[in-house]
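In my numbering, the protein residues as written are 3 to 159.
We put the CB at the ideal spot given by N, CA and C, even for glycine.
Here the structure comes first, spelled out in structure tokens, and everything after it is commentary.
Next comes the structure, spelled out in structure tokens:
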């Protein structure tokens, strides 16, 4: 559990620092989250975006509307289900996303440049492992509870 806590704390601190490196007047975190999803995953329904980001679609309605108004995403009717819409990042939205990533990447690259070669290599491995962990399925509540419950005490022989 100590490793898990160390990883969680490190990721949380890095997340806060990367947010701090964003330019003044940059898009909100929710807007970047939506654009980031569409940038990585391609066209998606509002429900797919919300589910992937752990949100309710209703809580992102205003974000979707603002991004559409600003020309950063488009909304069209789904060909499979005409009642549903599909969101897609526009070239301007892609450019905004790339600018936002470049600002954070510049700080991170400069910081990593101060590490030893071995530390930088280790950080690269850690980054790939963090991506793998982030993609892992969530354990069920029962599985999570079982993982936290100590096993039977060792019996003396």
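One thing to note: residue 48 has its Cβ within 8 Å of the Cβ of residue 89. Here the C-alpha atom of residue 30 lies approximately 26 Å from the C-alpha atom of residue 114. Closest in C-alpha terms to residue 72, from the list 53, 85, 93, 119, comes 93. Exposed is the label assigned to residue 133, since fewer than 16 other Cβ atoms lie within 10 Å of its Cβ. Linking residue 16 to residue 23 through their CA atoms gives a straight-line distance of about 11 Å. Uninterrupted alpha helix (DSSP H) stretches at least 4 residues long and entirely within the segment 57-118 occur at 63-71, 93-114, given in chain order.
Nearest in C-alpha terms to residue 125, of all of 40, 7, 12, 61, is 12. Assignment of beta-bridge partners to residue 46 by DSSP yields 89. When DSSP states are grouped into helix, strand and coil, residue 18 belongs to the helix group.
Distance from the CA of residue 76 to the CA of residue 121, rounded to the nearest whole angstrom, comes to 42 Å.
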